[in-house]
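Asker: Take this structure first; my questions come after.
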């Protein structure tokens, strides 16, 4: 459980364990907190230039955007596209939308995780999701 201050105020977010140690967000967060020696306060902070020590300064939205861009370029994702097109496809919002879209669970769980006040906002984040995966009409025998 992580308590964070979002646009709508303080809220608790559950972070579930992943199916692989390499992609588990809990393990990554625990490792980061240990290495950065963070017990309280901002979780996502800057590091010194050599990357060997965490600083007290929070990451800005612009810094997060730069980190996402660097990661996209290094990863080779969509490598056949020109660099500017690749970078335009990925942002903090696109990562949230990717999670909302790929999570094949009831919409209310996605809404709670993302902290949306309405289901309509959650639906905006769900790109190309098959909302009729469970056909209630057929399930009702109609």
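In the UniProt record's numbering, the protein residues as written are 1 to 142. Backbone N, C-alpha and C fix where the C-beta goes; we use that ideal spot for every residue, glycine too.
Can you look up residue 98 in the DSSP assignment and give me helix, strand or coil?
Answerer: Residue 98: helix per DSSP, three-state reduction.
Asker: Do the stretch 103-117 and the stretch 72-84 meet, that is, are 3 or more Cβ pairs less than 8 Å apart?
Answerer: They do not touch, by the three-pair rule.
Asker: Do residue 45 and residue 57 have their C-beta atoms closer together than 8 Å?
Answerer: Yes, these two residues count as a Cβ contact at 8 Å.
Asker: Can you check whether the CB of residue 90 is closer than 8 Å to the CB of residue 64?
Answerer: Result no, Cβ atoms of residue 64 and residue 90 do not sit closer than 8 Å.
Asker: Just to confirm, is the Cβ distance from residue 88 to residue 127 under 8 Å?
Answerer: It is not a contact, given that the beta carbons lie outside the stated cut-off.
Asker: Name the DSSP beta bridge partners of residue 5, please?
Answerer: In the DSSP output, where bridge partners are listed per residue, residue 5 has 10.
Asker: If you count every other CB in all the chains shown that lies within 10 Å of the CB of residue 125, and 16 or more means buried, which is it?
Answerer: By the neighbour-count rule (16 or more Cβ atoms within 10 Å), residue 125 is buried.
Asker: Do you know offhand how far residue 10's Cα is from residue 41's?
Answerer: Straight-line Cα distance between these residues: approximately 13 Å.
Asker: By how many angstroms is the C-alpha of residue 67 removed from the C-alpha of residue 14?
Answerer: C-alpha separation (whole angstroms): 24 Å.
Asker: Counting along the chain, where does the beta strand (DSSP E) carrying residue 23 start and finish?
Answerer: Neither: residue 23 is in no beta strand (DSSP E) and is coded neither H nor E.
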